[in-house]
Each structure stands twice: as structure tokens, then as C-alpha cells.
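Engineer: If you scroll down you'll find the structure; I have some questions about it.
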Amino acid sequence: MKSYVLFGAGANAANAVRIIGKDKVAFIVDNDKSKMGTDISEIPVYYFPEKEKDCASYQIVITTSEKFYYEISMQLEECGIHSYISLNYIQMQKTKEKIQNRFNCIEVYEHAIEWIKNHSIDGHAIMCTSERRKEYPEVTGYYIPTLLRWGYRVLALNYAEWLLQVQKKDGSWYDMDDRAPYIFDTAQILKGLIAARELYKNTDTIDDAIQRGIDWILSCMTAEGQLVTPDKECWGNDESMCSELIHLYCLSPLIEAGKLYHKEEYSEKAQLILNYYKENYLDKILNFSLLSHFYSYVIEALVDLGEEDLARSAMKQMETYQKKSGAISAYYNVDWTCSTGMFQMAVIWYKLGDFEHGEKTFQYACRLQNETGGWYGSYLSEDNEKEMNNYFPLEEISWANKYFLDALYYRNCLSFQLEADCFIETIAKEDERYCIIRERVSKAGSSAKILDVGCGKGRYIKNLLEEVPDCTYFGVDISTRVMDVLKGYSVECREGTLTHIPYEDKTFAVTYTCEALEHAVDFESAIREMVRVTQSGGYIIVIDKNDENYGMLEIGEWEHWSNENRLKELMEQYCRTVEVRHGLQYDEVKESDLFTAWIGKVK
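Put into C-alpha cells, the structure is as follows:
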């Protein structure tokens, strides 16, 4: 149905036809009589005075340049035509529609988190699968670093406490059925406990558990460096599915513990084990030799152990198995896919700086999410319906959600590293966004500690150092490359995110974040973390775009803007008062409601 008339037969009219659609434009009018009888994209142009009466039946889109918009709108009003809009308005609505109808990445995250909560047994351990509802020690262990990254500290602590309770006297941990000890399971639990140390004021108990666990693993090592697990029943007998090569994924906690406890022998033995598997399994390493899930363990371990060249060679081979859709086969010789294997492959590509391949596979795997928020272990390929998939085909596996969260985290890390050069280094001291921060910081008192989360290149901090020099400043950002700009300034910088701020409770008088919450994915975790590191009576400040202005700018799939009331209500859970300020002047732009400030006084 043709419902629009364009007013203005210039270059903007052609853009309007493209945006609105040729089939929806009845005709075009102009005040220039010489254009009568011409056409734009086969749509006829008329002289407005001669077509005035017909225009009243349509929605008028003013397609002149901005400087003539007011003049044309007054002309239409004088003619009794009140239904008109600008081309900019059309563009904004189209963008808004595109945002609202896009693949909802945020919902994927929210549903995944909800699945984890629903499948945590009594809040102390993750279950194996949706059908095998038993505590799974191994997966519970390597979930802990993931939960901490996304701000779920209480759940992470509960997991750690349970794991400390079920450790055996010899330092090992057993399989899900409590039948036998496993090197692999013990190592994944150690990863979790090392990460969980930050949650403890007194680390004596957890340190003892970690060192006993590592000593047990090393007691299973031969003189050549092979790790011989006491039992392999859980692995099955199919060497093409799983192999002891996955013991490479057990070495990072040995190295971390070596640094933590100043025990060089831990790191030295980890190197010996690495060399053994490189020398004896090189062909399996370089070729897609296992189920993608287990093969990914091997390659991610190589990345983490500094063997990037070897990992890149293996992933170069994996590129040949990636389909146009982004799907990666579960094995080298099948079409069906393994959900967690694809998320793990995405993690590896992101860690290696390959956004293109990682993103294709990550997006494909995200789209497989079930309505419950979980993922089956495997899915049939859209290319081969005759196959049978045999890796938990009808069970949602808990480790798929863990690797989804890891892939999302490393995706964000790489994205910001790649965009580092685009970050702005300065902000005008008259910019109202900065003025709000300065106003609160100036009242914090001498020597007050101030934190900028998502500090980027420190454009707020650099101004504050000049104008409020008596305070002590700290910056946190996901990109260490971006923070390099702050070297030489009196600022302590640490790598972190809004959902995982690497500071102790109640450290800061003011914690603020500017244009970073929109990238945090999990607003509730972000606000909870900001409050955690802020002193009682101190302030948290969020300055960001509000969702009333969706459409003004293009935004990324994993970006979302704050709803004024929802964010205020969220902050009120943790703050005595929350003040909201609208329409902040920015970059010399006036009369825009794009930016809003939420200022909360912490309880």
C-alpha cells in the first residue's frame, strides 16, 4: 500500500525511496516547477501547488536538506497539512525497528544464566546434565572462574566450599559417581579453587587443598612426563573421541600455583609434561583427531601455555572444517555438531585474535540454544538429516553454558582490543557528563579513592587529576592495550570488567562508569559489583545512553541501553537514594536526551 509522499526531489529523495521502499511511495512533490514531469526511481515528481490537495491523504516525508525543513513544515501547516515527518525520523525508526527485531543476544545470555541457577543443586554444585541430576565436581570446578567473571560471587563461593568438602584425603577428587580419582577432574577443580582464593580473607584452608591436589596430580607423573590417571572408565574406550592428550588442559593450575606458592618444581614439571605430549602426540595435536569438545581442550591449553604457533597451526586446519554457516562438525568425518565444542573453538579463535572465524562459530552455536536456556550436547546438521548424533543428543549439558559464557567474555575482550585506536582520549571540562563526575569527586574528601570502571584511555581521570588532585585514582578496563595511554599518570590500572572488578569490598569513595554499562551485558551483576567495591555512604554513578533513544545510533548485537526506571529500581536495591539527571550536554551537542546520569548513595 502506497502511504507516503516525499516533499523534496533532491538527492535525499532517492535515499528515502531506498529506506521506505519504492512500493510505499505514491509520488514526490517539489516547490521547483522545473522538476515537474521528472521521476526518481520511476516515481513521478509533481509541482506541489498543483498536487496540494492530493497530499493531504498521505504521510508527508520532508526530504529536503535540514536547513529547509522548518520552511517546508511551515508551508505545509499553512496549507492545513499537519501529518509530516523528517527523513531523519524515518531513518531513526528503521534503525530502532532493526534493533528491536534483531537476534536478541542479550536474551541468550539471560537464559543461559537462568539455566545455570536452575541446575545448581542446592546452590552448591552444577549438575551433570538436564537428565543426570547429580553434582559434577569437575565441571563445578571450572565453572568458578567463569562465574566470577560475570559477577556471580556468591554462587562461585558456594561451589568452592562444596568442593573443599568432597576432596579426598590424598588430595584428589573423584568422578561424579564418587568411584575413582581422576587427574583431569582434579585439575579442573584446582582451576576453580585458585580463582576462588580472592573470595577468602583467610586462605589457609583453600591453599592447603590446592597444594594437596597438585601434589596428588604430580604423584601420577612418570619420569618422562606422562600423566597416568588411575582410572579411565569415564573416558570410554574410543581413542578417536577422547585421549590422555587432554591432560594438557591440566597444566595451567600447576603453573599458577607454582607462582602463587613460590614452588618452581610445579612449573618445571608442567613443562616436562607439556614436552612429553608434544613429542608423542604431535600428529593428534595438529589434526582434528578427537571430538571437537576434547580437541578444543588440547588447543586452548596450548594457547594458555604459550604455544601459540602450534595452536595457530592446528586452528588453520580447523578453518577447513568451518562451514559457511559457522558450524563446525563434531568429528572430522561427520556433519552433526557438538555445542560445547563450537563454543570452545570460538574461545580459541578469540584468544588468538581471529574475530572473523570465532564470531561465525559463536553466532551459529548461540542460535542452537533451547528454550530452557541450555544446549543439548549435539545437534543434527541441516545438511545431513540421515546422520545420527551420539553426544548427549537429548540432554542439556552443563558445560555448554560455561563455554558459552567464556566465549562471550573473550569475544568482548578481543572486540575492545581491536577497537582500541578508536577510543577517545579527551573530554571537554564543560561536558556535562564530566561535570557530574567532577561534582561528586570534589566532595569526596582529600585522599579519597576514586574508581573509573571501563576507563578506556582515561579521559575522565586525566581531567580529574588536574582539577581534583588530592584524590587517589584507579582505573579498570577489559583492554590493557587501551589503558597503556595512562602509563606515566598517577593512576593504578587493572584489567577487569564491570561484572568483575579486581578490588576488595568497600575500597572506594566514588565508583563511576561512563558509556560502559551498555557493553556490560549483565546490568544487575555490574551494579552489584560497583556497590561491592564502594564504601557505605559513598557513591556509584552511571552515565550512559537511555533506551528511549534507540535508533539515534547504530549499536552492536551485544550492546543494550539502560531503561531509566529499571536501572533506577535496580540501584535502589543497594542505594539509599538514586538521583536521575536527563539531557546531558555532550560534545557541544545541546538539547539532546541521549545521555542520562544515575547517581546512587550506597547503603
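This note's numbering puts the first residue of the sequence shown at 1056, with every later residue one more than the last.
C-beta atoms are modelled at their ideal positions from N, C-alpha and C, and glycine is treated no differently.
Since we're looking at a predicted model, the values are computed, not measured.
1) Taking residue 1457 as the reference, give the member of 1092, 1227, 1421 with the closest Cα.
2) Please classify residue 1503: does DSSP put it in a helix, a strand, or coil?
3) Here's the rule I'm using: 16 or more other beta-carbon atoms within 10 Å means buried, otherwise exposed. How should residue 1534 be labelled?
4) Work out the CA separation of residue 1494 and residue 1488 for me, nearest whole Å.
5) What residues in its chain sit with their C-beta under 7 Å from that of residue 1625, if we drop five residues either side in the sequence?
6) Report the rounded CA-to-CA distance for residue 1612 versus residue 1164, giving the unit in angstroms.
7) Taking all protein chains shown into account, do 16 or more other C-beta atoms lie within 10 angstroms of the C-beta of residue 1397, making it buried, or fewer, making it exposed?
8) Measure the Cβ-Cβ separation of residue 1367 and residue 1417 and say whether it is below 8 Å.
9) Using a Cβ-Cβ cutoff of less than 8 Å, which residues in the same chain neighbour residue 1249 once the five nearest sequence positions on both sides are dropped?
10) Contact between the stretch 1110 to 1120 and the stretch 1066 to 1081 is defined here as three or more beta-carbon pairs at a separation below 8 Å; is this criterion met?
11) Using a Cβ-Cβ cut-off of 8 Å (strictly less than) and excluding sequence neighbours within five positions of residue 1657, which residues of its own chain qualify?
12) Would residue 1337 be called buried (16 or more neighbouring beta carbons within 10 Å of its own) or exposed?
13) Within the stretch 1532 to 1586, note down every full beta strand (DSSP E) run reaching 3 residues or more, in order along the chain.
14) Closer than 7 Å: is that where the CB of residue 1612 sits relative to any heavy atom of the ligand HEM?
15) Using the rule of at least 16 other Cβ atoms within 10 Å of the residue's Cβ for burial, across every protein chain shown, is residue 1058 buried or exposed?
16) Pull up the CB-CB distance for residue 1400 and residue 1373, whole angstroms please, since I reckon it's below 8 Å.
17) Please report how far the alpha carbon of residue 1111 lies from the alpha carbon of residue 1376, in whole angstroms.
18) Put residue 1268 into one of helix, strand or coil per three-state DSSP.
19) To the nearest angstrom, report how far apart residue 1506 and residue 1633 are at their CA atoms.
20) So for residue 1373, helix, strand or coil by DSSP?
21) For residue 1071, which residues does DSSP report across the bridge?
22) Give every residue of the same chain whose Cβ lies closer than 8 Å to the Cβ of residue 1124, excluding the five residues on either side of it in the sequence, and list them in chain order.
23) DSSP three-state call for residue 1366: helix, strand or coil?
24) On the criterion of 16 or more Cβ atoms from any shown chain inside 10 Å, does residue 1191 qualify as buried, or is it exposed?
25) Among 1251, 1106, 1448, 1143, whose alpha-carbon lies nearest the alpha-carbon of residue 1134?
26) In terms of alpha-carbon separation, which member of 1439, 1419, 1452, 1446 lies closest to residue 1429?
27) If you follow the beta strand (DSSP E) that residue 1082 is part of, which residue opens it and which one closes it?
28) If you reduce the DSSP assignment to three classes, tell me which class residue 1589 lands in.
29) In whole angstroms, what separates the C-alpha of residue 1499 from that of residue 1381?
30) Do the stretch 1265 to 1285 and the stretch 1199 to 1218 make contact, defined as three or more Cβ pairs closer than 8 Å?
31) Under a three-way DSSP split, which group does residue 1354 fall into?
32) Which residues in the same chain have their Cβ closer than 7 Å to the Cβ of residue 1511, if we skip the five residues on either side of it in sequence?
33) Are residue 1218 and residue 1176 touching if we call contact CB-CB under 8 Å?
34) With DSSP collapsed to three states, give me the class of residue 1655.
Structural biologist: Taking the coordinates as given:
1) Taking only the C-alpha atoms, the option nearest residue 1457 is 1421.
2) coil
3) It is buried - the Cβ of residue 1534 has at least 16 other Cβ atoms within 10 Å.
4) Approximately 10 Å, taken between the alpha carbons.
5) 1578, 1579, 1582
6) 12 Å
7) buried
8) no
9) 1265, 1308, 1311, 1312, 1315
10) Contact holds: three or more Cβ-Cβ distances are below 8 Å.
11) 1586, 1589, 1590, 1591, 1592, 1593, 1594, 1595, 1629, 1630, 1631
12) Label assigned to residue 1337: exposed.
13) 1546 to 1550, 1563 to 1569
14) The model depicted lacks the ligand HEM and carries no ligand whatsoever.
15) exposed
16) 7 Å
17) Going from the Cα of residue 1111 to the Cα of residue 1376 covers about 59 Å.
18) Of the three classes helix, strand and coil, the one that applies to residue 1268 here is helix, per DSSP.
19) 19 Å
20) helix
21) Residue 1071 pairs with nothing; no bridge assigned.
22) Excluding residues within five positions, the ones whose Cβ falls inside 8 Å are 1117, 1141.
23) helix
24) Residue 1191 should be labelled buried.
25) 1106
26) 1452
27) 1080 to 1085
28) strand
29) The alpha-carbon atoms of residue 1499 and residue 1381 are separated by roughly 51 Å.
30) no
31) helix
32) 1478, 1532, 1537
33) For residue 1218 and residue 1176, no; Cβs fall outside 8 Å.
34) strand
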